[in-house]
DNA sequence: GTTCTAGAAC
DNA sequence: GTTCTAGAAC
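Residue numbers (our numbering): 1 to 782.
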């Protein structure tokens, strides 16, 4: 039997349970064979006056249509007063995104109904069916369903859903049907024949199938029904490894149990962390407690209201560290929802304390080995050998003050039993003469390292949450922020279409912003001009980069002037005119309009996240020099700019390496960029990204089409310009070769699979030339 | 830069 | 069935 897992947290926070089910856009989410169409058809039969089914497989006169057609039909139906079901797989965030945007635009509720049926069953159904609208049936079904299962990204509230329901059992589907069934005869709660959902949901009045029920259920009924399934849901998950895989969001996955603890927990991403260095490494407790509270407080302030929670855990209630941290955090007035201090076993927080923590920090040793008897031993033991294997895949050792994030394999007991998805290893300073690298009482260095350790731990946590959600961390658990960011890109593209947005033209610009709802940009400009703190500006900024940004970026921008050095020797042929080709240029020349995109602004450059990252870390450093579009335009006079851009990049790289010392970076330029405005890529070399999709993407970062910043500078210093390469036009279409072992791979999926496991050293040439940037820890090098 | 589609090749 | 490509539209 399948289980029901209503995302009660979302219902409690924003839920429609007290609203009527009008103007609802219901996105079905499920594999072929999961029962989406069956559900939709049944609902159509029972409530044809209230619901419209939009099915992409038949939308084009009975044939497969496009997403756009679905969007148009959905909008039309919603505007006509219907509720709308989107009957397509909707497996990924991108596939759902435009429907959420539509709902936002026309102020409709948008629900997700996840049919979380085991892959095996979906395949069986898909193989057996005949005459499927989309043609996915028979012998071709298994491969297709399997492949689609790999792409699932579970719907999350952060995407903008009003409600999310997960159905794992036939009973769940009945309940969902019961909830969405809108009887045109009115409110059946007044009908004596009706019973509440948890009492009887197996009515057979609709076409004699097991799905149908004409019972009208209140939302409270549904909520009660969900809550009765908590235990079963969890048990079912532990014993069933054949459920649909995907990006697991543990709070969503275990939402019922999570919400049963405390409704205020809803939406939080939680990191549980132990005291670092105070046990075996004998760091002074008073100093350590001060550092914990101070670093945590600063971190939570920086990410205020964004749903990140820190939980300090010590084994015993009467421990000295626990008492000190509790007292200091209370004295500082830290919010208990965001910063908790609890006694207990950090590896059993869910089972013993009913606290959901997807992330656990581990006070490890420099060799990252199990053992030691304390937290390290407990975590390695609880996680099973998978943690050691995954850790060793990354690095061999860890430097004091550094962190290493390791995703737990789904088979790990800690993952299965406690819902922990990541371990963040941290090494603190050692004050114990009996242990390696003793600082011999040097608390200046020791305190700095302990601060670094906690800071890296917290930032690694935030960074990981960011990558899980596919959105910058300052948008996590905050749909409004998410929409703002979305708007920012829309605005970017819109503004790219407009010509000549100059500072001199500010009155015109101001008028335009006001008439297009860009008051936010205006107010942000004001706050910067006045030198006030701007929360969003530095959200993503890393420690190493922060002080420079404050000293350079703001002071430059506050003048409201943008330098535009002239360029006389441009020889590149970057396409001009299209909105997208101009997008970077607009940011570079007018960063004040794009504050929520910029990570750092100086007089010469702007740092942003790549909109479509091709690796875990992918940033762009944009030159602000107008007219300079490509490295082919570069001459000796640009060397200062190139050094500046490289220096900026290094600041970010160093900060990233502190968060995760297993990363390796390259910084460089595309030989023939598609977008105007000289921009340098900062790329981690994992290439672990869904946005990396084709040969052109891969070759643009791994062939000589990618010109390392250091090499570009050297060429210009020696030759005065970037040297041409032979057969430039074929670089992007050449065969796919692993960037490490140089083996040829037949296609992108196989390449991605290969690079995920390839442990070969990087090509010696890259190392010798200094093009690879790694943690400054020789043992941490690959 | 992206998404989307159609068609070829496998 | 998937992968790849080219072209259009944005």
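Just so you know, even glycine gets a beta-carbon here, dropped at the ideal spot from N, CA and C.
- By alpha-carbon distance to residue 145, the top candidate from 40, 34, 164 and 462 is 34.
- Straight-line measurement puts the Cα of residue 338 at about 25 Å from the Cα of residue 378.
- One thing to note: residue 155 has its Cβ no nearer than 7 Å to the Cβ of residue 103.
- Contact between the region 396–410 and the region 668–685 is not established, with fewer than three Cβ pairs separated by less than 8 Å.
- For residue 584, the enclosing alpha helix (DSSP H) covers residues 579–589.
- Residue environment for residue 414: buried (at least 16 other C-beta atoms within 10 angstroms of its C-beta).
- Residue 771 has its alpha-carbon roughly 44 Å from the corresponding atom of residue 341.
- Pairing residue 313 with residue 288 gives a Cβ-Cβ distance that is not under 7 Å.
- Closest in alpha carbon position to residue 582, among 742, 724, 678 and 455, is 678.
- Counting only runs of at least 3 residues, the region 331–370 fully encloses the following beta strand (DSSP E) elements, listed from N- to C-terminal order: 339–343 and 359–363.
- Secondary structure at residue 303: coil, using DSSP grouped into helix, strand and coil.
- If only uninterrupted alpha helix (DSSP H) runs of at least 4 residues are considered, those enclosed by the region 371–431 are 375–383, 385–394 and 413–418.
- The beta strand (DSSP E) runs lying completely inside the region 683–716 and spanning 3 residues or more are 706–708, given in chain order.
- Residue state for residue 79 is assigned as helix, using DSSP reduced to three classes.
- DSSP places residue 667 in the uninterrupted beta strand (DSSP E) bounded by 665–670.
- Taking all protein chains shown into account, residue 618 has 16 or more neighbouring C-beta atoms within 10 Å of its C-beta and is therefore buried.
- Rounded to whole angstroms, the separation of the alpha carbons of residue 634 and residue 621 is 16 Å.
- In the DSSP assignment, residue 269 is bridged to 308.
- Its chain contains 467, 663, 684, 686, 688 and 689 as the residues whose beta carbon lies nearer than 8 Å to that of residue 616, once the 5 sequence neighbours on both sides are disregarded; these appear in chain order.
- The residues 634, 635, 636, 638, 639, 642 and 722, in chain order, have a CB closer than 8 Å to that of residue 716 in the same chain once the five nearest residues on each side in sequence are set aside.
- With 16 or more other Cβ atoms from the protein chains shown falling within 10 Å of its own Cβ, residue 148 counts as buried.
- Under the 10 Å beta carbon count, residue 744 is surrounded by fewer than 16 other beta carbons and is classified as exposed.
- Closest in C-alpha terms to residue 365, from the list 320, 355, 456 and 380, comes 380.
- When the five nearest sequence neighbours on each side are left out, the beta carbons in the same chain lying within less than 6 Å of the beta carbon of residue 355 are those of 349, in order along the chain.
- If you draw a straight line from the Cα of residue 92 to the Cα of residue 28, it is about 12 Å long.
- CA-to-CA, the gap between residue 587 and residue 319 works out to about 52 Å.
- With fewer than three CB-CB distances shorter than 8 Å, the region 759–767 does not count as touching the region 689–704.
- Annotation for residue 706: 666, 668, 669, 670, 671, 681 and 700 place their beta carbon closer than 8 Å to its own, counting only its chain and skipping 5 residues before and after.
- Here the region 388–396 does not lie against the region 283–303, with fewer than 3 beta-carbon pairs under 8 Å apart.
- Taking 7 Å as the cut-off, the Cβ atoms of residue 406 and residue 391 count as close.
- Boundaries of the beta strand (DSSP E) harbouring residue 53: 51–55, taken from the DSSP string.
- Positions of the alpha helix (DSSP H) runs, each at least 4 residues long and wholly inside the region 711–762, are given as 748–757 in order along the chain.
- When the Cα atoms are used, residue 41 and residue 106 turn out to be separated by approximately 25 Å.
- Going by beta carbons, residue 329 and residue 295 fall outside the 7 Å limit.
- If you look at residue 615, you'll find it isn't in any beta strand (DSSP E); DSSP assigns it neither H nor E.
- A residue is called buried once 16 or more other Cβ atoms fall within 10 Å of its Cβ, and residue 428 is buried on that count.
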